[in-house]
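*Asks:* For the record, in the sequence shown the residue sitting at position 71 is 70 according to numbering that gives the first Met the number 0, with numbers rising by one throughout.
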Amino acid sequence: MKNTDLLKLLDLSSEEINEILDLADQLKYDQKHGMKHEYLAGKTLAMIFEKNSTRTRVSFETGIYQLGGQGIFLSSAESQLGRGEPIKDTARVLSRYCHGIMIRTFEQSKVEELAEYASIPVINGLTDFAHPCQVLADLMTIREHYSTLEGLKAVYIGDGNNMANSIIVGCLKSGMDVAVGCPDAYRPDQQVIDFAATVEGHTLTITSDIFEAAKDADVIFTDVWASMGQESEKEQRMRDFEGYCVDEKLMAVAKPGCMVMHCLPAHRGEEISEGVFESHADEIFEEAENRLHAQKAVMVLLMKDN
Ligand code: CP
Ligand code: NVA
0 MKNTDLLKLL
10 DLSSEEINEI
20 LDLADQLKYD
30 QKHGMKHEYL
40 AGKTLAMIFE
50 KNSTRTRVSF
60 ETGIYQLGGQ
70 GIFLSSAESQ
80 LGRGEPIKDT
90 ARVLSRYCHG
100 IMIRTFEQSK
110 VEELAEYASI
120 PVINGLTDFA
130 HPCQVLADLM
140 TIREHYSTLE
150 GLKAVYIGDG
160 NNMANSIIVG
170 CLKSGMDVAV
180 GCPDAYRPDQ
190 QVIDFAATVE
200 GHTLTITSDI
210 FEAAKDADVI
220 FTDVWASMGQ
230 ESEKEQRMRD
240 FEGYCVDEKL
250 MAVAKPGCMV
260 MHCLPAHRGE
270 EISEGVFESH
280 ADEIFEEAEN
290 RLHAQKAVMV
300 LLMKDN
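(1) Taking only heavy atoms of the ligand NVA into account, decide whether any of them is closer than 7 Å to the Cβ of ASN164.
(2) Is HIS292 buried or exposed, if buried means 16 or more other CB atoms sit within 10 Å of its CB?
(3) Is MET227 near the ligand NVA, judged by its Cβ being under 7 Å from some heavy atom?
(4) So, ALA153 versus MET175, is the Cβ gap smaller than 8 Å?
(5) Any chance you could list the residues with Cβ under 6 Å from a heavy atom of the ligand CP, keeping chain order?
(6) Using CA coordinates, which residue listed in ILE209, ILE63 and ASN123 is at the minimum distance from PHE220?
(7) Identify whether GLY81 lies in helix, strand or coil by the three-state DSSP scheme.
(8) Spell out a yes or no on whether the region 78-88 and the region 257-265 are touching, meaning 3 or more CB-CB pairs, one atom from each, closer than 8 Å.
(9) Sorry if obvious, but does the Cβ on VAL223 come closer than 7 Å to a heavy atom of the ligand NVA?
(10) Quick check on the DSSP output: the alpha helix (DSSP H) that includes PHE194 runs from which residue to which?
(11) Could you tell me the distance, in whole angstroms, from the CA atom of ILE166 to the CA atom of LEU93?
(12) Sort GLY157, LEU9 and MET101 by Cα distance to TYR243 and report the nearest one.
(13) Looking at ASN161 and the ligand NVA, is the gap between the Cβ and the nearest heavy atom below 7 Å?
(14) Is HIS279 close to the ligand NVA? I mean its beta-carbon at under 7 Å from any heavy atom of the ligand.
(15) For SER226 and SER52, I'd like the C-alpha separation in whole angstroms.
(16) With a CB to CB cut of under 8 Å and the five nearest residues on each side skipped, what residues in its chain are close to PHE240?
(17) Taking C-alpha atoms, which residue in VAL121, ASP217, LEU135 and MET237 lies nearest to GLU288?
(18) Quick check: the region 112-123 against the region 271-288, are there 3 or more CB pairs under 8 Å?
(19) Take LYS87 and list the residues in its own chain whose beta-carbon comes closer than 7 Å to its own, dropping the five residues that flank it on each side.
(20) Does DSSP put TYR243 in a helix, in a strand, or in coil?
(21) What residue ranges within the region 136-172 form continuous alpha helix (DSSP H) runs of no fewer than 4 residues, ordered along the chain?
(22) Run the CB neighbour count on GLY180, radius 10 Å, all protein chains shown included, and call it buried at 16 or more, exposed below.
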């Protein structure tokens with residue numbers, strides 16, 4: 000892997016995404032068969048959280064442990080970051096103790112600045128703009144199911160948020176077509192739309208008609224209507240997203256056997272119906288498990304030589 004950080008999927012080539020997915024499959028196999036894979040023995044990963052997390056925290060901390068290393072959890076409330084220590088100073092300090100930094104925060108620019116000043120790899124564990132680790136796990140899950148990604152139709156229903164941005168980029172780079180069904184005022188980031196326009200052979204379609212978007216889908220993704228940091232907009236969003244729900248009626252226009260992906264946590268009765276969620280629970284929880292394997296692959300590729 001040429002990249003020395005994982006800040007957003009826009010930075011990765013299709014080959015790099017493939018390399019991560021292939022290693023993730025191998026690491027999953029090793030883990031399931033009790034085969035030791037301590038590629039990061041003695042190394043430490045600093046994990047900065049400025050937003051809540053269950054999956055990201057536990058999968059990174061478990062992952063680095065299984066690789067022979069150790070995770071160090073830093074919440075903004077408890078670290079000096081919460082008292083205003085600049086990110087560029089934090090970057091230079093952590094670089095002298097640790098071998099990698101994972102960060103979950105608000106602005107993408109903060110992650111980019113952290114990477115600029117750190118001399119060790121930086122991994123984006125979610126920003127307002129992107130959630131690359133999640134989408135690597137999603138691609139791994141879809142590839143396990145269909146044995147390929149090339150030529151599939153991926154659909155995203157809901158808010159044009161961090162998940163939408165990363166799904167569009169990750170799926171297009173993996174040879175899929177993408178359709179997004181979202182209200183006009185909640186379209187994905189322009190940077191992502193501009194990227195999609197440069198992709199040859201695969202298309203991004205954005206429509207406010209979710210049935211048009213979901214037609215003949217091989218996989219349908221959705222995510223919450225109000226993301227972390229948007230709590231004050233929740234009531235407005237509830238009104239604006241009414242009907243943008245992955246339910247049985249929507250699934251009926253997808254291909255038979257269409258997968259459903261949800262990064263979790265899910266709000267049943269809002270972006271997804273209880274019935275669709277539970278009938279696709281095996282896929283959704285495999286997706287959650289694959290966070291562990293995909294992130295272990297990212298850590299090995301980025302941290303093994305430093
Ligand atoms: N999907 C995801 O990132 O979950 P957490 O917010 O629990 O980390
Ligand atoms: N879009 C959601 C994803 C949570 C994993 C958020 O940013 O809160």
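Just so you know, even glycine gets a beta-carbon here, dropped at the ideal spot from N, CA and C. None of the values given here were measured: they were computed from a predicted structure.
*Replies:* Concretely, from the data shown:
(1) no
(2) HIS292 is buried by the Cβ-count criterion.
(3) yes
(4) yes
(5) Going by the Cβ distance cut-off, the answer is SER52, THR53, ARG54, THR55, LEU125, GLN133, CYS262 and LEU263.
(6) ILE209
(7) In this structure, GLY81 counts as helix in the three-state DSSP scheme.
(8) no
(9) yes
(10) 189-197
(11) 30 Å
(12) GLY157
(13) yes
(14) no
(15) 12 Å
(16) Result list for PHE240: GLY157, ASP158, PRO182, TYR185, TRP224, GLU269 and GLU270, in chain order.
(17) LEU135
(18) no
(19) GLU112 and TYR116
(20) coil
(21) 161-172
(22) buried
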